[in-house]
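FYI, the numbering for the sequence shown is 1281 to 1669, going by this note's numbering. To keep things clear, I will list the structure first and then write my remarks on it.
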Amino acid sequence: MEEERSREIIMDSDERYRPRPKKERRGWKYFAAGLAGAILGSIIMGTVAFSYLKDWTDDFNTVNGDGNVVQQVLNIKENAPTTVEAVAELVTPAVVGITTVEVQQGFWQQPVEQTGVGSGVIVTKDGYILTNQHVVTDNPKSITVSLKDGRIVEGQKIWSDAALDLAVVKIDATNLPTANLGDSDKINVGELAVAIGNPLGLTFERTVTSGIISALNRSIMVGPSSIAEDLIQTDASINSGNSGGPLLNKRGEVIGINTYKIDTGEGMGFAIPINIAKPIIDQIVKDGSFQPIVMGVSCLDREIVRFYGNSDIELKEGILIMEVQAGSGAQRGGLRTDDIILEVDGVQVNTMLKLREILYAKSPGQMVKVTYQRNGQTHETEVELSLAE
């Protein structure tokens, strides 16, 4: 019966049924060949797709020195998020609101409390937060930190520097979400930039905006005699209240701390490169405080020279020494006014921020090798470092 059901039948002219003659069937050979090809193609495409997805997700993994993934940043879902979505998902929990109350003198010399709101980013699990100096002010009466989970905690200013417009705040908390610090020396004009902060106060807290890195090494006038140097320029929307929040790359790493916006132009925001903050944070976490390390020189870099429009100074590379402090390591090392510092410990130095970054990672009493130019000739010397007075 099974054999009969498997046959095809036709009706003869005398209405009798007879089996259809069996033909030689070759279709199964083509089917088998097609199936083998499909399986082979699937294996190849699967390998390529796995490699692609691995490379893509590796961009969002933290890897230790042994090459092992220690922090999975992204979970690939059925509908993978865009890069901006991924950055927002990763870093938003580490962005905080900072409310500062400062006591100032009123018109009649009476004490008047003023409240300001800014942003910050958590960089250690035990509550160290990076922000701007102008957010925490010189002498805050109180600092309140608003966390993503709804908690409002008291903050303490640990350190600040008005020239850098950076500050570190500490809160008493543990197991906090943190943001990874990137390398601001490795960013390029045109790459993705994401800003997260609290524009116009806590009503719009943790707003995410995106754009590109518009320019590097920008200097802008921020006061009658004050210039902010070596800033990252971005067209990601930055408004009042964004100050102190992170500027991020496509991997969700902090590459800058948002600080200024030019109100007379659209899409002109600025951030402090994160590399200057890393040695500061490292020392504060280790010792509880930070004291700047100096060589004993005052210098100008090429951008500042151009900013002032001084046509008498031609500076193609390095930083120009304008003053050498008496008794300093720089003076004992033989450095003079009008020398051009090219390198410190083999690292090229073209901006004042880069010089500070190198020195802040050193210790007082440590010797550094300085390569400098004098009257067109290149020389080397050793300079002993000291604490800033």
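Built from N, CA and C at the ideal position, the CB exists for glycine as well.
* Asked: Which whole-angstrom value describes the C-beta separation of L1615 and L1639, a residue pair presumed to lie in contact below a C-beta threshold of 8 Å?
  -> For this step, residue 1615 is matched to residue 335 along the sequence shown. For this step, residue 1639 is matched to residue 359 along the sequence shown. About 14 Å; that fails the 8 Å criterion.
* **Separation of P1553 from I1537, as counted between CA atoms** => As a working note, residue 1537 is residue 257 in the sequence shown. As a working note, residue 1553 is residue 273 in the sequence shown. C-alpha separation (whole angstroms): 7 Å.
* **For A1447, the first and last residue of its enclosing beta strand (DSSP E)** => Locating residue 1447 in the sequence shown gives position 167, counting from the first residue. A1447 -> beta strand (DSSP E) spans L1446 to I1451.
* Are V1648 and S1490 touching if we call contact CB-CB under 8 Å? -> Position 368 of the sequence shown, counting from 1, holds the residue named residue 1648. Position 210 of the sequence shown, counting from 1, holds the residue named residue 1490. Not closer than 8 Å, so no.
* With 8 Å as the threshold, decide whether the Cβ of P1553 is near any Cβ in chain C. => Checking the listed chains, one finds no chain C in this structure; it contains a single protein chain.
* Any idea what DSSP makes of V1534, helix, strand or coil? -> On the sequence shown, position 254 is the one that residue 1534 refers to. In this structure, V1534 counts as strand in the three-state DSSP scheme.
* CB-CB length for I1599 against M1632, believed under 8 Å -> By one-based count along the sequence shown, residue 1599 stands at place 319. By one-based count along the sequence shown, residue 1632 stands at place 352. Yes, I1599 and M1632 are in contact; Cβ-Cβ is about 6 Å, under 8 Å.
* Backbone CA spacing between R1654 and M1602 [nearest angstrom] -> By 1-based counting over the sequence shown, the position of residue 1654 is 374. By 1-based counting over the sequence shown, the position of residue 1602 is 322. Between R1654 and M1602, the C-alpha separation is close to 13 Å.
* Asked: Are the stretch 1547-1563 and the stretch 1454-1467 in contact at 8 Å, needing three or more beta carbon pairs?
  -> As far as the Cβ criterion goes, the stretch 1547-1563 touches the stretch 1454-1467, which means the pair count is three or higher.
* DSSP bridge partner residues for M1501 (one or two, in chain order) -> Here residue 1501 is taken as the residue at index 221 of the sequence shown, counted from 1. M1501 is bridged by DSSP to I1507.
* Could you check where the alpha helix (DSSP H) with P1559 kicks off and where it finishes? -> The residue labelled residue 1559 in the question sits at position 279 within the sequence shown. P1559 -> alpha helix (DSSP H) spans K1558 to D1567.
* **Cβ pair count under 8 Å reaching 3, the stretch 1473-1489 against the stretch 1518-1531** => Counting Cβ pairs under 8 Å, three or more are found: they touch.
* Give me the Cα-Cα distance between Y1408 and A1557, rounded to the nearest whole angstrom. => Here residue 1408 corresponds to residue number 128 of the sequence shown, with the count starting at 1. Here residue 1557 corresponds to residue number 277 of the sequence shown, with the count starting at 1. Going by the C-alpha atoms only, they are around 12 Å apart.
* To do: Label K1421 either buried or exposed according to how many other C-beta atoms from any shown protein chain fall within 10 Å of its C-beta, with 16 as the threshold for buried.
  => Residue numbering aside, residue 1421 sits at position 141 when the sequence shown is read from its first letter. Counting Cβ neighbours within 10 Å, K1421 comes out exposed, since fewer than 16 surround it.
* **Residue from G1470, A1443, D1510 and R1431 whose Cα sits closest to the Cα of G1503** => The count along the sequence shown starts at 1 and reaches residue 1503 at position 223. Nearest option by C-alpha distance: A1443.
* Asked: Among residues of its own chain, excluding the 5 on either side of L1580, which ones have a beta-carbon nearer than 7 Å to its beta-carbon?
  -> In the sequence shown, the residue the question calls residue 1580 occupies position 300. Same-chain partners within the cutoff: I1599, L1600 and M1602.
* Per-residue burial, L1468 [other beta carbons within 10 Å of its own, 16 or more giving buried] -> Counting from 1 along the sequence shown, the entry for residue 1468 is found at position 188. Here residue 1468 turns out to be Asn, not Leu, going by the sequence shown. With fewer than 16 Cβ atoms within 10 Å of its Cβ, N1468 is classed as exposed.
* Asked: With 16 other CB atoms within 10 Å as the buried threshold, where does K1437 fall?
  -> Within the sequence shown, the letter at position 157 stands for residue 1437. K1437 counts as buried, since at least 16 other C-beta atoms from the protein chains shown sit within 10 angstroms of its C-beta.
* Starting from the C-beta of I1493, find all residues in its chain whose C-beta is less than 7 Å away, skip the five residues before and the five after it, and write them out in chain order. => Position 213 of the sequence shown holds residue 1493. Closer than 7 Å at the Cβ level, and outside the excluded window around I1493, lie I1467, N1468, V1469, G1470, E1471, A1473, I1512 and T1514.
* Name, in chain order, the residues that DSSP records as bridge partners for H1659. => In the sequence shown, the residue the question calls residue 1659 occupies position 379. Answer is Y1652, bridged to H1659.
* Examine the ligand HEM and report whether any of its heavy atoms sits within less than 7 Å of the Cβ of V1449. => Absence of the ligand HEM from the depicted structure is noted, as is the absence of any ligand whatsoever, leaving it without description.
* To do: From the DSSP output, read off the bridge partner residues of D1625.
  => As a first step, residue 1625 is located in the sequence shown; it is residue number 345 there, counting from the start. Under DSSP, D1625 takes part in no beta bridge, so it has no partner.
* **Distance, F1570 Cα to S1399 Cα** => The residue given as residue 1399 occupies position 119 in the sequence shown. The residue given as residue 1570 occupies position 290 in the sequence shown. One C-alpha to the other measures close to 22 Å.
* What is the rounded straight-line gap between the Cα of E1546 and the Cα of P1457? -> Looking up residue 1546 in the sequence shown gives position 266. Looking up residue 1457 in the sequence shown gives position 177. In a straight line, the C-alpha of E1546 is about 33 Å away from that of P1457.
* Hey, how far is the Cα of L1333 from the Cα of E1533? -> The residue labelled residue 1333 in the question sits at position 53 within the sequence shown. The residue labelled residue 1533 in the question sits at position 253 within the sequence shown. Since pLDDT at L1333 reaches only 43, below the 50 mark, its modelled position is unreliable, and the value read off the structure follows with that caveat. In a straight line, the C-alpha of L1333 is about 20 Å away from that of E1533.
* To do: Kindly give me the distance between the Cβ atoms of P1572 and E1637, rounded to whole angstroms, as I take these residues to be in contact under 8 Å.
  => The count along the sequence shown starts at 1 and reaches residue 1572 at position 292. The count along the sequence shown starts at 1 and reaches residue 1637 at position 357. About 11 Å separates the two Cβ atoms, so there is no contact after all.
* To do: Kindly identify the DSSP beta-bridge partner or partners of Y1408.
  => Residue mapping note: residue 1408 aligns to position 128 of the sequence shown, counting from 1. In DSSP, Y1408 forms a bridge with K1450.
* Asked: Straight-line CA distance for S1578 to I1432?
  -> Counting from one through the sequence shown, the residue named residue 1578 turns up at place 298. Counting from one through the sequence shown, the residue named residue 1432 turns up at place 152. Looking at the two C-alpha atoms, the distance is approximately 42 Å.
* To do: May I ask which residues mark the beginning and end of the alpha helix (DSSP H) holding T1363?
  => Numbered from its first residue, the sequence shown carries residue 1363 at position 83. Residue range T1363 to V1371 is occupied by the alpha helix (DSSP H) that includes T1363.
* **With 16 other Cβ atoms within 10 Å as the buried cut-off, status of Q1394** => As a first step, residue 1394 must be located in the sequence shown, where it is residue number 114. Result: exposed.
* Straight-line Cα distance separating P1479 from H1414 -> What you label residue 1414 is simply residue 134 of the sequence shown in a count that begins at 1. What you label residue 1479 is simply residue 199 of the sequence shown in a count that begins at 1. Roughly 15 Å between the two C-alpha positions.
* Quick one: what's V1469 bridged to in DSSP? -> Sequence index remark: in the sequence shown, residue 1469 carries index 189 (1-based). According to DSSP, which records beta bridges pairwise, V1469 is partnered with nothing at all.
* Asked: How would you call S1499, buried or exposed, if buried means at least 16 neighbouring beta carbons within 10 angstroms?
  -> Position 219 of the sequence shown, counted from the start, is the residue given in the question as residue 1499. Buried: at least 16 other Cβ atoms inside 10 Å.
* **Own chain, CB closer than 7 Å to S1518, minus 5 neighbours either side, in chain order** => Walking along the sequence shown from the start, residue 1518 turns up at place 238. A small fix is needed here, since residue 1518 is Ile in this sequence, not Ser. The residues are A1475, N1538, K1541 and G1549.
* Asked: Does DSSP classify V1415 as helix, strand or coil?
  -> Locating residue 1415 in the sequence shown gives position 135, counting from the first residue. Three-state result, V1415: helix.
* To do: Might you give, ordered along the chain, the residues of its own chain that have their beta carbon closer than 6 Å to the beta carbon of T1658, omitting 5 neighbours on each side?
  => Residue 1658 sits at position 378 when you count from the first residue of the sequence shown. Cβ neighbours of T1658 beyond the five flanking positions: none.
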